[in-house]
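What follows is a single structure, written as C-alpha cells, with notes after it.
In this note's numbering, the protein residues as written are 5 to 406.
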C-alpha cells in the first residue's frame, strides 16, 4: 500500500485548494474550479536514498483523487546528471537508483505526461544544513490537561538555516486481541444449500507493525532569534490511553531545512488548510501554484511543489511504562465483542457467508457457549480484532528493536 507524504495528503484533502503563493509578495488568488490540473509532490534531500515523487490530477471536492499514470519522470542536475524515476504504483514514482542532493548544484524535475505534455520546475539548490541533536519523549499534559507523552526535538545550525519543516513517521506493534490460528471459509454455496469449514490460517495475522506518517504541516522559523536553535520543540502528543502505546512504539523524526520559496509555499498551504475548515471565512478553496510550469504553455496551471531540502533524522523507541510505570494498558483500537451471524437465508443473503466473503468478520470459535442461541455455527469478531493485517504489515521492519 502506497503511503502518501504530508503534502500529498494535504493537497488531496484541500484540492480543490491549490492557490498561488509567494515569499515576499502577496499571491494572486483564483477561486476553485474543476479544471484538470497536474499536481506534483516531490522532494529530494542530502540523504542517500531512492527519492520519491507523487503525481496526481486535481479533482472536484469530495471525490477521490486520480493518479497520473504512464508519465516519464526525471530529476536533472546542473552538472548534467539525470536521475530516472520508475512508476511504482498509483501516484508514486521512485528513483531507479539511490542518490543525494549535493551542495552547490541545482536540481529540477522534468515530467512528460503520457499525452506528451512537459512540466518542469525552477532550479532548486540544497539549503544549509542543521544538526538534529536530540529526539526525546517525556510525560506531559496537553492543552486540556490530559496526561500523555510528548515527543520533542532539539536542533541547532551554524549555517544560518533558519527555516524548518518537521515530519514524523510512527511505527507501532499491533497484536490482534481476538486472534486464533483458525479461519472460516466457504466451501460452496448454492441457492438452497451451502457448506463452510474451519481451517488453519495460511498467513501470520497475530502480530503486525502499523505505520502512520505525519499528515499536517509543521513549520518553525528562527529568523527572529539571535541563535539559530530550536529547543524542546513538540513534534507530537500521545494521549496516555492511545492504542498505539499498548505494545512497543517508535517514531522517526525528520528535520528539514527549506528554501524560502518552499517554506512560504507550506506556510500558505497551512494557513489555507486551517481557514478552509471554517465555512465563515473569506478564504475559499482555489488554485495554489508552486514552482512548476509547462515550458511550452505558460498559461497551463500546474499545482504542487518540487523542493530540495536538507534533512536530518533520528528514531526513538519507547514503551508506555517507560514514561508512566503505573499506567494501565490502553484500550484496543476497536471494541472486540463477539457475534454469531446467522447462516440462514437464500444465496447472497446469508449474513455469515457474506461476512466471510467480504472479510468484515474473522473466525474466533465454535458457537457452543450458549451465549448466542439461534445464531450461526461460529463466533466471529470484527476483522481488526482478529487479523492484525487490517491495521499494519505482518513483516517486522528492519529497523525494529524489540
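C-beta: ideal position from N, C-alpha, C; glycine also.
Fair warning: this is a prediction, and the values are worked out from it, not measured in the lab.
Look at the alpha carbon of residue i and the alpha carbon of residue j, and state the distance between them as a whole number of angstroms.
{"i": "residue 196", "j": "residue 344", "result": "20 Å"}
{"i": "residue 40", "j": "residue 120", "result": "15 Å"}
{"i": "residue 43", "j": "residue 76", "result": "15 Å"}
{"i": "residue 96", "j": "residue 117", "result": "14 Å"}
{"i": "residue 355", "j": "residue 346", "result": "6 Å"}
{"i": "residue 207", "j": "residue 184", "result": "12 Å"}
{"i": "residue 151", "j": "residue 247", "result": "14 Å"}
{"i": "residue 332", "j": "residue 252", "result": "15 Å"}
{"i": "residue 353", "j": "residue 364", "result": "15 Å"}
{"i": "residue 105", "j": "residue 165", "result": "16 Å"}
{"i": "residue 336", "j": "residue 369", "result": "20 Å"}
{"i": "residue 243", "j": "residue 404", "result": "23 Å"}
{"i": "residue 373", "j": "residue 322", "result": "40 Å"}
{"i": "residue 266", "j": "residue 240", "result": "23 Å"}
{"i": "residue 342", "j": "residue 380", "result": "12 Å"}
{"i": "residue 334", "j": "residue 292", "result": "41 Å"}
{"i": "residue 94", "j": "residue 276", "result": "27 Å"}
{"i": "residue 112", "j": "residue 220", "result": "25 Å"}
{"i": "residue 54", "j": "residue 305", "result": "28 Å"}
{"i": "residue 296", "j": "residue 122", "result": "10 Å"}
{"i": "residue 209", "j": "residue 385", "result": "14 Å"}
{"i": "residue 351", "j": "residue 359", "result": "13 Å"}
{"i": "residue 73", "j": "residue 301", "result": "21 Å"}
{"i": "residue 377", "j": "residue 387", "result": "23 Å"}
Check the C-beta distance from residue i over to residue j and give it rounded, since I have them as a contact under 8 Å.
{"i": "residue 178", "j": "residue 395", "result": "5 Å"}
{"i": "residue 250", "j": "residue 141", "result": "Actually they are not in contact, since the Cβ atoms of residue 250 and residue 141 sit about 16 Å apart, beyond 8 Å."}
{"i": "residue 199", "j": "residue 191", "result": "4 Å"}
{"i": "residue 233", "j": "residue 226", "result": "7 Å"}
{"i": "residue 157", "j": "residue 136", "result": "6 Å"}
{"i": "residue 176", "j": "residue 134", "result": "Contact flag wrong, Cβ pair sits at about 28 Å."}
{"i": "residue 274", "j": "residue 357", "result": "Their Cβ separation, rounded to whole angstroms, is 48 Å, which puts residue 274 and residue 357 out of contact at 8 Å."}
{"i": "residue 128", "j": "residue 107", "result": "About 13 Å separates the two Cβ atoms, so there is no contact after all."}
Does the beta-carbon of residue i have 16 or more other beta-carbons within 10 angstroms, so that it is buried, or is it exposed?
{"i": "residue 189", "result": "exposed"}
{"i": "residue 375", "result": "exposed"}
{"i": "residue 307", "result": "buried"}
{"i": "residue 361", "result": "exposed"}
{"i": "residue 400", "result": "exposed"}
{"i": "residue 255", "result": "buried"}
{"i": "residue 126", "result": "exposed"}
{"i": "residue 32", "result": "Bear in mind that the predicted position of residue 32 carries a pLDDT of just 44, short of 50, making it too unreliable to give a figure here."}
{"i": "residue 264", "result": "exposed"}
{"i": "residue 56", "result": "buried"}
{"i": "residue 204", "result": "exposed"}
{"i": "residue 330", "result": "exposed"}
{"i": "residue 68", "result": "exposed"}
{"i": "residue 83", "result": "exposed"}
{"i": "residue 231", "result": "exposed"}
{"i": "residue 294", "result": "buried"}
Hey, residue i and residue j: beta-carbon distance below 7 Å or not?
{"i": "residue 238", "j": "residue 349", "result": "no"}
{"i": "residue 102", "j": "residue 89", "result": "no"}
{"i": "residue 389", "j": "residue 338", "result": "yes"}
{"i": "residue 392", "j": "residue 182", "result": "no"}
{"i": "residue 187", "j": "residue 367", "result": "yes"}
{"i": "residue 383", "j": "residue 371", "result": "yes"}
{"i": "residue 131", "j": "residue 257", "result": "no"}
{"i": "residue 201", "j": "residue 174", "result": "no"}
{"i": "residue 86", "j": "residue 299", "result": "no"}
{"i": "residue 62", "j": "residue 71", "result": "no"}
{"i": "residue 139", "j": "residue 318", "result": "yes"}
{"i": "residue 316", "j": "residue 259", "result": "yes"}
{"i": "residue 218", "j": "residue 172", "result": "yes"}
Exercise. How about the segment 306-319 and the segment 42-57: do they share at least three Cβ pairs that are nearer than 8 Å?
Worked result: yes
Exercise. Can we say the segment 192-207 touches the segment 148-164, given the rule of at least three CB pairs closer than 8 Å?
Worked result: no
Exercise. Using 8 Å as the Cβ pair cut-off and three pairs as the minimum, do the segment 144-153 and the segment 265-280 touch?
Worked result: no
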